[in-house]
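Under the UniProt record's numbering, the first residue of the sequence shown is numbered 1, with each subsequent residue one higher.
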Amino acid sequence: MSFCLEKICLERQNCHLTFFYTHNLAVSLNQPNLSSVPTWERNGITFVNESIVGVKNTDVFIDRKNSIYILSDDKKQIIVWHNNSINPTQTISADFLSFSSIFVTPNGDIYISSEFPSFHITRWISKTKIFTKVMNTSHHCYDIFIDINDSLYCSMSMNNQVSKVNLKSSSMNTIVVAGTNSHGSNPNELHHPCGIFVDVNFDLFVADTENNRIQLFPFGETNAITVAGWQSARPTINLNGPVGVTLDAKKYLFIVELQGQRIIAEGPYGFRCIIGCYGDVARSRESFPSSMSFDILGNIFVVDTENRRIMKFQLTNISSAVSLNLPEFCHTPTWDHNGAPFAQKSISPNYPYDVFIDTNNSIYVVLTSKVILVWHNNSINPTQTISADFLSFSSIFVTPNGDIYISSEFPSFHITRWISKTKIFTKVMNTSHHCYDIFIDINDSLYCSMSMNNQVSKVNLKSSSMNTIVVAGTNSHGSNPNELHHPCGIFVDVNFDLFVADTENNRIQLFPFGETNAITVAGWQSARPTINLNGPVGVTLDAKKYLFIVELEGQQIIAEGPYGFRCITGCYGDGYQSIGISFPSSISFDSFGNIFIADFINQRIRKFQLENLCGFPLNIPRFCSKPVWNRNGITFTDQSIIGLNPSSIFIDQKNSIYSLNQEKKQILIWNESNIESTRINLSDFSYSYSLFVALNGDIYIDDGINHRIKKWTLNTKNFTNEMDVFSSCFGLFIDRYNHLYCSMPEHHQVIKRNFSEGIPAIIIVAGTGNQGSTSTMLTSPHGIYVDTEFNTFVADCGNNRIQRFELEVKVGITEVGDSSTAQHQYSLSCPTGIALDSQRFLFIVDSNNHRILRSGTNGVHCVIGCNGISIKSTKLYSPSNLAFDNFGNMFVVDSGNNRIQKFQYSKNSCDMSSIIQWTHSLTLTKDSQLYSQDCNEENHYYESFQIEVPENRYYSIWSSADFDTSAFIYEKSFDSLHPNENLLTKDDDEAFDNQFKLELPLYNNIIYVLVVTTRYPMKTGNITIHMSSLKNVNVTRLSTLVNIQSNYSSQLTTNNPKYCQDYKNLSHYYQALQIYVKKTGLYIIWSKSEIDTYGFIYKDNFDPLKPLHNLIVYHNGACNQNQLKLFINLQENTKYIFVITTNYPNTTGNYTIFISGENHVTISHFFDSKQHNYSAEVQCQFYSTTAGLSSDSGNQFYSTTTTGLSSDSENQFYSIQISSVLIILMFIEGLINNLFILF
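As C-alpha cells, then:
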C-alpha cells in the first residue's frame, strides 16, 4: 500500500509537508573559550556597591555585547551598563515584589521573575518599553533561563522542580522537566534546586543545592546524571551548597557555592577551585555568592549578596616572566617510583644544595664546592660551570633572561645575582639570616625564607633599596596563623599568594597577598581534611595550582589533585631510603613533568620520570546522552588476517589497534596511518584470548593455557613472564595505579597484581573459584573494566549479568541483569565485553543476542545489532569484545563472522544546535483510513507519513490531543493488512496526558513510515504531531481520506456460478464484476457483509477454471474482520474483472462493495461469451496453453501476494508455481529432444 500511495503523492507533487518552524537559534549569554588551565585574580575588585544597586541585589546578567544587567530588589529597578560604561546608562523601573532572576534575549527583551501580584515571569519588551506576563509559576523562581528554541525555564526551589513553557505558544501553562514536587536524592528528584543552565543540545543542568550536586537532565529525560558533587557517576569534587551553574564554550562547568563560598571550575583535568579557595579568604571577600556571569573577555562577575555588591574577577594569563615549569597533569598522574640518578659523576664528591629547571629545560645545580653546574639543551654532561667564592650556598633561582640568584652567608647574609650578560656577581638583597629558599614572583619581588628567624621577607628588585619587608612570620616560632616554625621551601603564584613549607609545624601555609594570617592548606590544623605531613621542606605548584610537597622526615613526595592528597614517590617501606635517597631538600619540574630532587647526602640529583600523561592508555570517549553510530559496519579486518574466532581488541590513544590471531600465534598491530598490520610472533603461546597495552607501549598477553601472563616490552622487543594465573584470561586490564587484572572464565574469578609493590602478590578481586549466582560468586566471567575509583565491572557471562565490585569488597552489585536487585533490569544472554565512556555509561557486548547495549541513568538502549518488534538484525554474530578509537568510532570483534567491524560514530548526533521543531495538525474522521492494529475485531482510524532523515541521530516524535494516541514506526513500508511486518517500534501513550512519545535513532539510508492512530478503536478527533528534527527532514503524507466513488450491493446465492478457489473443484459461489476507471490512480476496494469474503482482481479476462491466469491481486479478509480489502493502482482504458467469493465453500449471503479513489468507477456484470456452463464434475485447470501465468501477470502476482495471503493459501500458490516450473522444464526437454531427432 505504501508504494502505491507514495507514487500517487509523487505524481501529484502535493503530498510533501512543509510545516517546519524556522527560528534563529541564538545564544545571548557569554560562554568564553578558555585555555586548559585559566586563572583569575583571586581577590577581585568591587564593580558596584550598595550605593547603586541597593541592599538586595539578586542577579547579574551580561549579554554578548558586554551590556551588564543587575536586579535591585529593594529599589525595584533593573540597572544597565551599556558600551563598557563605568556608570549605569539605563535604569528600568519595575513595580514588582521580590525580584530573583534575570535573563536577556538577543533582541534586548528582559525577563525577570517576581512574586507580585502572583508567582510569574514578566518580559520587558525593548521596543515598546512595556512589561507583559509570559509564564505563570506555582512558586518563586530562584533562576530562569531561555534556551535557543525559546523555551523559558524556571527553577522553583521550594517546589523541588524545574518547569518550562515555550514562548512561541500562546499558553502560559508550564510542563515539569525536572523534579517530582517532593525533595529527594534519587536521579529523578531534587532538593531545593537553584541555578540552571540549558545548553544547545537542550540538556538541562541544575544546581541541586541541598543534595550538594550538579544534575544533568538530558533532553527529554526525567532521570538525571550527576556530573559533579555527591553521588557523581565519576570522581569529581565535593560540593557545599551549589547555587549557580554555567558552562564555557567547551562545555566545562563553572559552579557557584553558597555555603562553600567559592567558585569551582571544571577543565580537561578535572575540577578545581578558582575563587574563594582557602577558608577565611572567601568569608572576607565574597561572602555567600549567589550567582555569576561571564563577560566577553572571560572575566567573572559574582553577586556577593552578603556584602551587597557585585565583584569582578579579572581573567589573567600566566606571564611569560614565569621562569620555572608549571606542568599540566591529568587527574591521576604517576611517576616512576624508583627514580634514576641524574649527573652523579658530575656532582660527586660534592653535595647538591638545590636544583632549578627553567622553561627551556636548562638544569641548574648549586654545589657545596662553590660551583653552579648548568646543563643546557638536554645535554648529559654539564655545559657550563660558574664559580662563586661565597660561603654556604643554599638556594638558587633563575629568571627568564638567564640571570642567576643565589643565597649565601659571606661576607654577610645576602642574595647575589649573577648577570648573564656581564658574567659578574652583584648583591641584590640583605637578609638578617641564612635563606633556606628563594623565589622571584612575576612582579620581580625577591623572597627569602629564613628558617632560623621563622620569617619570610621580600624586596622588590625594581627598587634601588636592598631593605626588606617581612611578609610572613613574627621572628619567633609558633603555630598560630601568623607564626611559623622553621619555614623552608616557598612558592609565590601569579596572584602573589605565598605558600610556605612550615617544617616544624608539619603544614603548608598560604599567606594571601597582603595578609599576615595564613590559611593551612595541607597538614596539621588544615581547615579541610588533607593529609598528615612529616617535616615538609619543599613546595611547588603545577599549572592547576595543585600542591607538590617534599617531606624531609617522611622522605616522600606528596601530590595534591582533584581527589585530594596522595603519596607519589617514596611511598612504600622505608621511603626514600629504600631507593637510596636521604634528606631530600628541594623539588623542581622539567617541562615534561618529570620531577628532580636534590639528594644531598648521596651527592646527586634524582630524576623521577612521569609515566603517564592522561591516566588511562585506552580511549574513554565523551558522548552525549543519546549518541548514534552508523548501524551498517565496515569490515576493518577479516578471517584472512585475524583468523578464526577472534576475541581480542585494544585501541590506544594514538589510535593504534591491537588484536591477536590465535591460529598463527601473532600480535597484530595497525598504526593509525597504516592499512596493513605489523605482526609480532608468539612462538610459545597457545590460545591467547586477550591483550592490554600499557601507556609506555608494553603489551600484556594472555597465555593462560600455560598458566601465565606475559609482557612484550617495547624497548627491548623481548617477552617476560609477568603474572602466574590459574587458567586462561579472557579479559586483561591495567588500572591507573598499575594493577594488572585477569578474568578467568574457567576458574570463575577475577584476580589482580600490583606491580608497584616490591614483592607483588596475587589479590582476589571477585569470585570464589566456584561457579555460582550469588553476589559473591561468578560463572564464567569474561570482559572486565576498572574505572578511576577502582570499581571493577565484570561481564558475568554464565549468570547473564554485569557485576560491579567496589574496591576491596567481594560482594558484587548487579548493574544490568534479570535480577530484581539489578540497577537496570534488562535481559542479557552471555555478556562477554564491557567498556565505559567518560559519563560512566556502560557499553555491553551481549554476545548471544548479537548486539551492543549502552546502559546508564536513562536506562539500557541497544546501539548496534538492534532488533525491532518484527525486524531482526543480522549485523553481528556472537560478538565478543569492543573498543573505541579517539574519534568515538566503535570497533566490535564479530567472532562468529571471524572479523572486526568498525561502526562510524555520527559526530553530529549530539549537536542539537541545528534542531528545530516540526509540527503538523491532522484530524481523524470517519473518512480516514481504517485498520486493525492487532488483526482482531477492532478497527482504528489512522494517518501515515513517510520520513527520510538527512543525518543519523536520535529524533523525538510526540503528540498532543484530547484523547489517547498511539504511534507506530515501520522500516521501508507499511501494509495495513499486515501491521506487524516491518514494525520497528511503537508507543501507545507512555508520555504525559496519555500521548505517544517516541525517541529513537533514525538513519539516513532508511525509509521510515510513521502511523499515527488512537489507542481505543473508532476514535476521531484532532491530533498535533511534533517532531524534533533537522530542517531538511523529508516528511511525506502517504494515507489519503476515503472518497467513495462507487458502491455495489448484491448477494451470493445457490444460483451463482462456482469458482475453483480451493484448486480442487468448483466449490465456492462467486460473482464477477467488470470495473472501469476514468482516471489512473490508487483505488481501495472493500466489502461489508455478514459472510467472510474473498476478493480477486484480474486483468483483461477471467476464467473460473484457471484462477491464476491474469490474476493481479487478491485478499482473503485477513486482518480486516474477514472482509476483503484490496489496494490497487488501476489504469484508465483498461479492463479489470473483480471477483467476489467466500472463504468457505458453499456459503451464501448479502454483501456490499465500496470503491474509493481518484474518480468515478463504473461497475457492471462481467460476461464472457466463450465461457462454458460448467458442472460440478468439471476439473479445475491451472494453466493456460502457455503453461502458466504470463510474465506480466506473474510479476504482478509476486509483487502483491505479500499484502494479503493466509499461510494456507500462500503454500497452495507456491506449490502451484513449483508445478508450473516443472511443466515448463518438461516442455523445454521435449523441444530439445525433437531438435535432436530432426538433425
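Beta carbons are placed, not taken as given, at the ideal position from N, Cα and C, and that holds for glycine.
| task | Starting from ASP502, follow its DSSP beta bridges and name the residues at the other end. | result | As a position in the sequence shown, residue 502 is number 502, starting the count at 1. ASP502 pairs with PRO487, ARG507.
| field | THR985 (DSSP reduced to helix, strand or coil) | value | Here the question's residue 985 lines up with position 985 in the sequence shown. Of the three classes helix, strand and coil, the one that applies to THR985 here is strand, per DSSP.
| request: Could you tell me which of THR985, ILE225, ASP147, PHE841 sits nearest to SER870, measuring between CA atoms? | output: Counting from 1 along the sequence shown, the entry for residue 870 is found at position 870. Nearest of THR985, ILE225, ASP147, PHE841 to SER870, Cα basis: THR985.
| task | Would you mind reading off the limits of the alpha helix (DSSP H) that contains VAL53? | result | On the sequence shown, position 53 is the one that residue 53 refers to. It spans 50-53 - the alpha helix (DSSP H) in which VAL53 sits, taken as one unbroken run.
| message | Which of the three DSSP states is assigned to CYS862 in this structure? | response | Looking up residue 862 in the sequence shown gives position 862. It is a strand residue.
| query | Nearest-angstrom Cα distance between THR1013 and LYS1135? | reply | If you number the sequence shown from 1, residue 1013 lands on position 1013. If you number the sequence shown from 1, residue 1135 lands on position 1135. Taking the straight line from one Cα to the other gives about 36 Å.
| field | For VAL893: DSSP bridge partner residues | value | By 1-based counting over the sequence shown, the position of residue 893 is 893. VAL893 pairs with ASN881, ILE900.
| field | Where GLN1196 falls, given that 16 or more other Cβ within 10 Å makes a residue buried | value | In the sequence shown, counting from the first residue as 1, residue 1196 sits at position 1196. Bear in mind that a pLDDT of 34 at GLN1196, under 50, signals an unreliable position, so the number given afterwards is only what the model happens to contain. Label assigned to GLN1196: buried.
| request: Would you mind giving the Cβ-Cβ distance between PHE513 and ASP502, rounded to the nearest angstrom? I have them listed as a contact below 8 Å. | output: Mapped onto the sequence shown, residue 513 falls at position 513. Mapped onto the sequence shown, residue 502 falls at position 502. Rounded, the Cβ-Cβ distance is 18 Å, inconsistent with contact.
| query | When the distance is taken between beta carbons, is PRO218 closer than 9 Å to ASP203? | reply | To locate residue 203, count along the sequence shown from 1; it is residue 203. To locate residue 218, count along the sequence shown from 1; it is residue 218. Cβ atoms of ASP203 and PRO218: closer than 9 Å.
| Burial state of ALA340, where buried means 16 or more other Cβ atoms lie within 10 Å | In the sequence shown, residue 340 corresponds to position 340, counting from 1. Counting Cβ neighbours within 10 Å, ALA340 comes out exposed, since fewer than 16 surround it.
| Assigned secondary structure, CYS830 (DSSP; H/G/I helix, E/B strand, else coil) | Residue numbering aside, residue 830 sits at position 830 when the sequence shown is read from its first letter. In the structure shown, CYS830 sits in coil (DSSP, three-state: anything other than H, G, I, E or B).
| said: Helix, strand or coil for ILE442? Go by DSSP, reduced to three states. | reply: Residue numbering aside, residue 442 sits at position 442 when the sequence shown is read from its first letter. The answer is coil: DSSP assigns ILE442 none of H, G, I, E or B.
| query | Nearest-angstrom Cα distance between VAL863 and ASN1004? | reply | On the sequence shown, position 863 is the one that residue 863 refers to. On the sequence shown, position 1004 is the one that residue 1004 refers to. So the alpha carbons of these two residues sit roughly 16 Å apart.
| message | Assuming the contact rule is C-beta atoms closer than 8 Å, PRO621 and ALA694 should be a hit. Round their C-beta distance to whole Å, please. | response | Working through the sequence shown from its first residue, we reach residue 621 at position 621. Working through the sequence shown from its first residue, we reach residue 694 at position 694. No, PRO621 and ALA694 are not in contact; Cβ-Cβ is about 20 Å, not under 8 Å.
| message | Applying the 10 Å Cβ sphere with the 16-neighbour rule, what's the burial state of LEU707? | response | Translated into positions along the sequence shown, residue 707 becomes position 707. Going by the sequence as given, residue 707 is His instead of Leu. Classification of HIS707: exposed, given that the 10 Å Cβ count is below 16.
| request: Return the CA-CA distance between residue 1242 and ILE300, expressed in angstroms with no decimal places. | output: Only positions 1 to 1239 of the chain appear in this structure, which leaves residue 1242 out of reach.
| So what's LEU25 in DSSP terms, helix, strand or just coil? | Position 25 of the sequence shown holds residue 25. Caution is warranted here: a pLDDT of 42 is assigned to LEU25, below 50, making its placement in the model unreliable, and no coordinate value can be reported.
| said: Going by the DSSP bridge assignment, what does CYS273 pair with across the sheet? | reply: Indexing the sequence shown from 1 puts residue 273 at position 273. Paired residue(s): ILE264.
| task | Would you identify the three-state DSSP class for ILE396, choosing helix, strand or coil? | result | Within the sequence shown, the letter at position 396 stands for residue 396. Strand.
| query | Are the beta-carbon atoms belonging to ILE490 and SER526 less than 9 Å from one another? | reply | In the sequence shown, residue 490 corresponds to position 490, counting from 1. In the sequence shown, residue 526 corresponds to position 526, counting from 1. No. Outside cutoff.
| field | Whole-angstrom distance between PRO562 and HIS747, CA atom to CA atom | value | The residue given as residue 747 occupies position 747 in the sequence shown. The residue given as residue 562 occupies position 562 in the sequence shown. The straight-line gap from Cα to Cα measures roughly 38 Å.
| field | Opposing strand residues paired with residue 1258 [DSSP bridges] | value | Nothing in the structure corresponds to residue 1258, since the chain is present only between 1 and 1239.
| Based on Cα-Cα distance, which residue from GLY1157, SER407, MET890, THR1147 lies nearest to GLY1081? | In the sequence shown, residue 1081 corresponds to position 1081, counting from 1. Here the closest residue by C-alpha is GLY1157.
| Collapsed DSSP secondary structure at ASN460 in the structure displayed | Sequence index remark: in the sequence shown, residue 460 carries index 460 (1-based). ASN460 falls in the strand class under three-state DSSP.
| Backbone CA spacing between residue 1245 and PHE887 [nearest angstrom] | Residue 1245 falls outside the range modelled here, since the chain spans only 1 to 1239, and no answer is possible.
| query | From ASN738 to CYS330, what distance separates their C-alpha atoms? | reply | To locate residue 738, count along the sequence shown from 1; it is residue 738. To locate residue 330, count along the sequence shown from 1; it is residue 330. Rounded to the nearest angstrom, the two C-alpha atoms are 16 Å apart.
| said: Whole angstroms are fine: how far does the CA of TYR436 sit from the CA of SER362? | reply: For the purposes of this step, residue 362 is taken as the residue at position 362 of the sequence shown. For the purposes of this step, residue 436 is taken as the residue at position 436 of the sequence shown. Rounded to the nearest angstrom, the two C-alpha atoms are 22 Å apart.
| field | Own chain residues within Cβ distance below 6 Å of LYS1170, not counting five before or after | value | Counted from its first residue, the sequence shown places residue 1170 at position 1170. Residue confidence is low: LYS1170 scores 47 on pLDDT, short of 50, so the model does not pin down where it sits. No coordinate-derived value is stated.
| Among ILE1025, LYS251, CYS277, GLY1095, nearest to LYS259 - alpha-carbon criterion | As a first step, residue 259 is located in the sequence shown; it is residue number 259 there, counting from the start. Residue identity check: residue 259 is Gln in the sequence provided, not Lys. Nearest C-alpha to GLN259: CYS277.
| said: Using a 10 Å radius around the Cβ and a threshold of 16 neighbouring Cβ atoms, would you call THR58 buried or exposed? | reply: Counted from its first residue, the sequence shown places residue 58 at position 58. THR58 is buried by the Cβ-count criterion.
| Taking the C-alpha atoms as reference points, what is the distance between SER171 and SER151? | As a first step, residue 171 is located in the sequence shown; it is residue number 171 there, counting from the start. As a first step, residue 151 is located in the sequence shown; it is residue number 151 there, counting from the start. Whole-angstrom Cα-Cα distance: 12 Å.
| Element boundaries [alpha helix (DSSP H), containing SER640] | As a working mapping, residue 640 is identified with position 640 in the sequence shown. Per DSSP, SER640 belongs to the alpha helix (DSSP H) from 639-642.
| request: State the Cα-Cα distance for the pair LEU828 and VAL892, rounded to the nearest angstrom. | output: Residue mapping note: residue 828 aligns to position 828 of the sequence shown, counting from 1. Residue mapping note: residue 892 aligns to position 892 of the sequence shown, counting from 1. If you take the alpha carbons of LEU828 and VAL892, they lie about 18 Å apart.
| request: Count the other CB atoms, across all protein chains shown, that sit within 10 Å of the CB of GLN1131; report buried if there are 16 or more and exposed otherwise. | output: Within the sequence shown, residue 1131 is the residue found at index 1131, counting from 1. Flag for GLN1131 reads exposed.
| What residue does the beta strand (DSSP E) around CYS567 start on, and which one ends it? | Position 567 of the sequence shown, counting from 1, holds the residue named residue 567. 564-569 is the span of the beta strand (DSSP E), which, as asked, contains CYS567.
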